[in-house]
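Taking the numbering used here, I'd label the letters of the sequence shown as residues 19 to 362. A virtual CB, placed ideally from N, CA and C, is assigned to each residue, including glycine. Worksheet for the structure shown next.
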Amino acid sequence: MKATSNALITKTRAMFAKRLKENDYVSMMQKKSVSDIASYLKNETYYATALDGINEKALHRGQLELLIRNDILFKLGKILRYSTSIRTGVRQTIILQAEINVILSSIHSLLSRDYDAVLVKLPVVIEKEISFDIKAVANAKSLEELKEVLKNTPYGKIIANYVTHDVDNLDYVGLEQDIYNYYHESTLKVVEESFKGKDREKIEELIKTEIELDNVTKIYRLKKYFNISNDRISTLITPIYSRFSKKDFENMIAASDSEMIYNYLKESSYKNYLKEDHFLFIEHSTSVINYHMNRRQLMFSTDADSVLLTYIYLMGIEINNIIEIIEGVRYRAPTDQISKMLIY
Numbered sequence: 019m020k021a022t023s024n025a026l027i028t029k030t031r032a033m034f035a036k037r038l039k040e041n042d043y044v045s046m047m048q049k050k051s052v053s054d055i056a057s058y059l060k061n062e063t064y065y066a067t068a069l070d071g072i073n074e075k076a077l078h079r080g081q082l083e084l085l086i087r088n089d090i091l092f093k094l095g096k097i098l099r100y101s102t103s104i105r106t107g108v109r110q111t112i113i114l115q116a117e118i119n120v121i122l123s124s125i126h127s128l129l130s131r132d133y134d135a136v137l138v139k140l141p142v143v144i145e146k147e148i149s150f151d152i153k154a155v156a157n158a159k160s161l162e163e164l165k166e167v168l169k170n171t172p173y174g175k176i177i178a179n180y181v182t183h184d185v186d187n188l189d190y191v192g193l194e195q196d197i198y199n200y201y202h203e204s205t206l207k208v209v210e211e212s213f214k215g216k217d218r219e220k221i222e223e224l225i226k227t228e229i230e231l232d233n234v235t236k237i238y239r240l241k242k243y244f245n246i247s248n249d250r251i252s253t254l255i256t257p258i259y260s261r262f263s264k265k266d267f268e269n270m271i272a273a274s275d276s277e278m279i280y281n282y283l284k285e286s287s288y289k290n291y292l293k294e295d296h297f298l299f300i301e302h303s304t305s306v307i308n309y310h311m312n313r314r315q316l317m318f319s320t321d322a323d324s325v326l327l328t329y330i331y332l333m334g335i336e337i338n339n340i341i342e343i344i345e346g347v348r349y350r351a352p353t354d355q356i357s358k359m360l361i362y
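Take a look at the structure:
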């Protein structure tokens with residue numbers, strides 16, 4: 019069992035070593051179109067398999083994003099197929115991520131009215147454990163239909179709160195947030211059931227940190243951009259804490275402006291992960307913190323499942339980097355402006 023665990027750690031770190039590097043990001047930022055970026059990913063990086071057989075010249079932004087997001091599931095599928103040492107809870111976490119990818123892909127297709135864009139192909143080892151009918155989700159042509167398909171799952175209950183006859187009025191940010199809240203809480207639960215001792219403490223810290231920083235982000239954005247009462251903000255916070263206490267969050271919610279929220283962050287024990295002169299927006303700052311904490315865990319943990327979970331998170335950051343570049347190139351943003359958004 020120890021040899022199998024060590025082999026899984028080695029395999030996961032080897033996969034991480036193939037990640038995109040600075041020169042890859044620079045090359046993509048210099049491209050002129052989404053098609054050019056797709057061509058680079060297909061011919062020059064380890065995303066070649068994800069884009070194999072795809073005509074990158076006919077690929078639009080949404081389709082490219084879906085293909086990239088799906089790629090990690092095939093990498094994880096290979097690990098699940100050949101490794102019997104992965105804890106049940108970790109397998110459940112991977113399945114959860116696959117389910118969320120499919121559902122968000124469906125919602126994206128509804129928003130863009132591109133009903134053929136939903137990518138439903140998944141590794142067999144993952145697809146057979148999905149809790150809903152993937153084809154039915156892909157065929158949904160409205161939020162009402164999607165809710166009905168998912169009515170016997172937790173996702174159906176979440177979507178029910180956002181159903182609108184005019185999809186242009188959908189509160190997508192809120193819906194996505196609620197779906198990811200469910201993911202975080204479910205992941206924390208399976209970790210509690212599957213891990214023990216120091217391994218459990220370390221991975222719990224990473225998950226709780228992600229939830230806690232998401233809470234900080236939420237408070238900051240609601241303070242800065244929306245006229246929402248403190249009582250209402252309190253109901254939108256996931257009551258899970260790591261380096262901040264419940265009282266700290268009460269003080270942040272009571273703060274008179276958003277800058278006070280950021281001051282809490284940069285004066286906390288998270289400050290070692292932040293650059294004083296590099297504040298862009300709150301989501302970037304919290305992602306930087308999460309990235310460095312997860313990378314440290316991946317490099318030094320001796321628990322295979324912990325290493326695999328951190329790899330999943332780090333690859334999510336890489337996907338976000340690619341999407342930032344795609345959006346930047348699409349809107350002709352200066353390369354120095356795009357590069358500031360990247361985390362690696």
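key: Given 8 Å, three or more beta-carbon pairs between the region 65-83 and the region 165-179   = no
task = Would you kindly work out how many angstroms separate the C-alpha atoms of ILE341 and GLU83, rounded to a whole number?
result = 7 Å
message = Nearest by alpha-carbon distance to GLN48: which of LYS358, ARG350 and ILE361 is it?
response = ARG350
task = Measure how close the beta-carbons of ILE144 and ILE112 come, nearest whole angstrom, since I'm counting them as under 8 Å.
result = 7 Å
query = Which class does GLY71 belong to by DSSP, given the choice of helix, strand or coil?
reply = coil
ask   = When we look at the beta-carbon of SER274 and count the other beta-carbons within 10 Å, is it buried (16 or more) or exposed?
value = exposed
message = Using the three-state DSSP reduction, which class does HIS302 fall into: helix, strand or coil?
response = helix
request  = Just tell me which of ILE271, VAL120 and HIS126 has its CA closest to the CA of PHE150.
outcome  = VAL120
query = With 16 as the cutoff for other CB atoms within 10 Å, does LYS93 come out buried or exposed?
reply = buried
Between the CA atoms of ASN73 and ARG87 - distance to the nearest angstrom = 18 Å
query = To which residues of the same chain is ARG261 closer than 8 Å at the C-beta, ignoring the five residues directly before and after it?
reply = THR227, GLU230, SER286, SER287 and TYR288
inquiry  = Does THR106 pass the burial test, meaning 16 or more other C-beta atoms within 10 Å, or should it be called exposed?
reply    = exposed
request  = Classify MET359 as helix, strand or coil using the three-state DSSP reduction.
outcome  = coil
task = In angstroms with no decimal places, state the Cα-to-Cα distance between PRO257 and HIS202.
result = 12 Å
task = For the region 43-58 and the region 314-322, state whether three or more C-beta atom pairs, one from each stretch, are separated by less than 8 Å.
result = no
ask   = So, are the CB atoms of ASN269 and ASP232 less than 9 Å apart?
value = no
key: Span separating the alpha-carbon of LEU161 from that of GLY192   = 14 Å
inquiry  = Can you tell me whether VAL181 is helix, strand or coil according to DSSP?
reply    = coil
key: Proximity below 9 Å, CB of ASP323 to CB of ILE104   = yes
message = Restricting to Cα atoms, I'd like to know which of TYR65, HIS78 and THR22 is closest to ARG348.
response = HIS78
Pairwise C-alpha distance: ASP321 and LEU26 = 9 Å
ask   = Leaving out the 5 sequence neighbours to the left and right, which residues in its chain are closer than 7 Å to ALA158 when beta-carbon positions are compared?
value = SER124, LEU164 and VAL167
task = Please state whether DSSP places HIS78 in a helix, a strand or coil.
result = coil
request  = Indicate whether MET33 and TYR259 have their beta-carbon atoms separated by less than 9 Å.
outcome  = no
inquiry  = For GLU210 and ARG109, I'd like the C-alpha separation in whole angstroms.
reply    = 14 Å
Inter-residue Cα distance where the pair is THR182 and SER23 = 47 Å
inquiry  = Check this for me: beta carbons of LEU140 and GLY95, under 9 Å apart or not?
reply    = yes
task = Compute the distance between the beta-carbons of SER303 and TYR280, then report whether it is under 9 Å.
result = yes
Whole-number beta carbon distance between LEU114 and SER204, since they are thought to touch under 8 Å = 6 Å
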